[in-house]
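Each remark here refers to the structure printed beneath this line.
Protein chains in written order, with this note's numbering: chain A, 1 to 363; chain B, 364 to 662; chain C, 663 to 922.
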């Protein structure tokens, strides 16, 4: 890369000064357009014949301009679904990008390193014991209970993982993955234990939840996760510079005036909030958090000022498109969306691993 | 979207009310001209009942657990009954959805209900009375009450006859239902399960009655259960063989192993609790007590 | 001015730095020297605020270091760490710009470009950091530190540069180049504190030398005094190595000339 040939090429072209802001703004605009297009696609395609025409009529003429059935499909099914898909996709991608920044490792994804498992375990605990042991809490929190519990589980696992995998301000990939496996296995074991002891009714609720997809999208569900995901979006501009500095190392970030401990706490809470909330409503959806930030880093670099918002937009777009595929592939049945994202994501994950072994990406 | 069905959907309550008022032989005889015309049936036993009532021409789609009779397997599938897609179901434009108890997820069902499509919730009790109620509910929803009554009466009579036959048996056999043998570990049907109900209908004693629900049990618990017969089920393309079961150390010490007593029946036949259940229970009883109980006549 | 009073850092019962008191003056290059394991980097980390001492105090001006917010401290001093690999591919410009942003001054891009020019890396802004050689990476990090304190004196207060083995990956020309920039920073009123190994570079560039051995400060003063035969013999266990050029009086060290 630094050979004479590269230098020669550099001279032949107008010299790139290393400032990728212009490119990042362009990519941000593109991802925004893509997210809008994906949302439109999500509302326009489905197994019923309700399509772009109906959507246009609905948007221009109001709810009365379309038939009752079209209205039901748009209002009760597709719009909540698009809303939930956009929120969940954005949250997954942003929490992935943040976690990778925190661990200084492109493979750190809440779904891969046991954070989502922690959220799932907490969710299962609530589903199984929620009726009996937590009666008053259930009544108090209502639809928020599942996201709150899942947030707690995710937080616990993130903290545990950080303690296990980070030594002297550095995280090695091997320790991270191993610790992630251990933390995930522990959560899985607890989940198994809880499910084992569940009665039939709880088991049925658990089955409904574990098969979760965007299919059950409702406005109350969106409202239930909005505070959690909203906090993460609001935090983005405040953690961006700190995460950039953290790439150079914890001590280096501190030297550059970043309050590192506070930054880490904020990011850990954000990652847990986003993974917890999304797991609570849709079950674990893998790979969005790893694919989206990775591809964007190739395009605009790792600077978090643009990486985080672009991840949110591209994550929303990716999940919405994956969901359209999930509902059309085996219509009138539906593929679990996690399968679609894994099909898209696993090859990218492998590509990162291979690159990682070849390139100087740290240990 | 065909106009008649749209009208039908919009005016469904009125039509249903009118149908309910004009009870009688005339309606029953003309059943094919009235009632819902495109039905989605969710639940293997529910679909069987639709076929047993001769109403299969109304079926538009079924769930993935509906694979009997063979024609049902050829219908469009709306997915697993616990993971239905609201829009997928709507896209089949049904004017009736038969939902076996336990279908979901609840959010998808809520949207379906909001759509105004008539939904018939079918109870799922694992008892002779429960089957009769199931048949009656499906018949009512399809406007085939008379044939449903006849079918329910037939099912009840066959259960009664089986109970009489089984009542004569003095030495009851201990039966262990094995749901799966993953990694050599047996998951068995304990008290309160459909398998438990089936074993009792067939005059057996559930050897795993100490366990609640379907649970994996340890090897020694298999020995302690001391089953005379091991009962397993087969699905299309998947069955557990006697070699597999009795090759396991846990099973080698059981009385069942001495006779290699393994009964294997189709999953939906054995545990579906539909119109074929009297026959299934009789087949199981015949396998348990050869000579004392006659097997069901093949329909 | 930075003052350290009775700095001690103990880890599992062992003192890594033991009761060190010193003053770092602006307008000077201060070198911290000593054999491996003497506690040089640990002392530097306590002076920059990265490590909290077990006992003792560090004060910037008359304020104890704990009273400074990270942001305010970042405007008072910059630190060049020993080099490290990055997990994500930032460009050289983006890295140096981070330092410029931390300076709190406007026009971060201009400051970053100036800093790159000062370390002789003009035109390297568009390169990816991880594909540079070790020496280039070290100079980029040096430029980042320079960009963080672009003016040696701001609003009448001197700024400090802390350099942890700044020449370890550099060839002879760039060793001298980097220390030249540091020396000019000190001449212009800033303070420079460097952990160095090469005693000849210390002799040439340092105004004050602090000699650490076993965590204790065993000598301090201008090189002419601190780099004596006795000190070098005691600390490094190498005898009769310090020679002097009559003209400048500047000491130089020939470690191969050992007698024991």
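We treat Cβ as the ideally placed atom computed from N, Cα and C, and that holds for glycine.
Going by beta carbons, residue 593(B) and residue 614(B) fall inside the 8 Å limit. The Cβ of residue 810(C) sits closer than 8 Å to at least one Cβ of chain A. DSSP places residue 695(C) inside the beta strand (DSSP E), whose first and last residues are 691-695. Residue 532(B) and residue 571(B) have their C-alpha atoms spaced approximately 21 Å apart.
Check the Cα spacing between residue 320(A) and each of 87(A), 27(A) and 172(A): the tightest is with 87(A). Counting the other Cβ atoms within 10 Å of the Cβ of residue 311(A) gives 16 or more, which makes it buried. Contact annotation: in the stretch 440-458 of chain B, residues whose CB is within less than 7 Å of a CB in chain A are 440, 441, 442, 445, 446, 448, 449, 450, 451, 452, 453, 454 and 455. Per DSSP, residue 536(B) has no beta bridge partner at all. For residue 487(B), the CB contacts under 8 Å within the same chain, skipping 5 residues up- and downstream, are 406, 408, 463, 464, 465, 493, 497 and 636 in chain order. At a cut-off of 8 Å between beta-carbon atoms, residue 25(A) makes no contact with chain C. Your pair residue 719(C) and residue 671(C) does not check out as a contact, with CB atoms roughly 13 Å apart and the cut at 8 Å. Cβ proximity to chain B below 8 Å picks out 211, 212, 213, 215, 216, 217, 218 and 221 from the stretch 210-234 of chain A.
With the rule of 3 Cβ pairs closer than 8 Å, the stretch 689-700 of chain C does not count as touching the stretch 736-745 of chain C. Near chain B, meaning a CB-to-CB distance below 8 Å, the residues of the stretch 65-80 of chain A are 68, 69, 72, 73, 76, 77 and 78. In terms of beta-carbon proximity, residue 200(A) lines the interface with chain B, with at least one pair separated by less than 8 Å. Counted as a single uninterrupted DSSP element, the stretch harbouring residue 826(C) is not any alpha helix (DSSP H) but the beta strand (DSSP E) occupying residues 822-826.
Annotation for residue 883(C): the continuous beta strand (DSSP E) segment containing it runs 878-883. Chain B places a beta carbon closer than 8 Å to that of residue 48(A), counting this residue as a contact.
Contact between the stretch 267-283 of chain A and the stretch 722-736 of chain C is absent: fewer than three C-beta pairs spanning the two stretches fall below 8 Å. The beta carbon of residue 39(A) sits closer than 7 Å to those of 82, 86 and 320, all from its chain and outside the five residues before and after it, given in chain order. By the beta-carbon neighbour count (other beta carbons within 10 angstroms, threshold 16), residue 480(B) is buried. The C-beta of residue 771(C) comes closer than 8 Å to at least one C-beta of chain A. 8 Å or more divides the Cβ of residue 536(B) from the Cβ of residue 580(B). Contact residues of the stretch 318-331 of chain A toward chain B are 327, 330 and 331 (C-beta to C-beta distance below 9 Å).
Within the stretch 67-138 of chain A, the alpha helix (DSSP H) runs of at least 4 residues that lie entirely inside it are, in chain order, 68-72, 79-103 and 115-129.
Not one beta carbon of chain A lies nearer than 8 Å to the beta carbon of residue 823(C).
In the structure shown, residue 561(B) falls within a helical segment according to DSSP collapsed to helix, strand and coil. Put simply, the backbone Cα of residue 215(A) is about 22 Å away from that of residue 63(A). Residues of the same chain with a CB within less than 7 Å of the CB of residue 891(C), apart from the 5 flanking positions on each side, are 902 and 904 in chain order.
The beta strand (DSSP E) runs of length 3 or more contained entirely in the stretch 414-464 of chain B are, from start to end of the chain, 422-425 and 459-463. If you draw a straight line from the Cα of residue 257(A) to the Cα of residue 467(B), it comes to about 53 Å.
With a threshold of 8 Å between beta carbons, residue 208(A) makes contact with chain B.
At a cut-off of 8 Å, the C-beta of residue 741(C) has a neighbouring C-beta in chain A. The residue among 663(C), 689(C), 675(C) and 695(C) with its C-alpha nearest the C-alpha of residue 845(C) is 689(C). At a cut-off of 8 Å, the C-beta of residue 399(B) has no neighbouring C-beta in chain A. Assigned with DSSP and collapsed to three states, residue 31(A) falls in helix.
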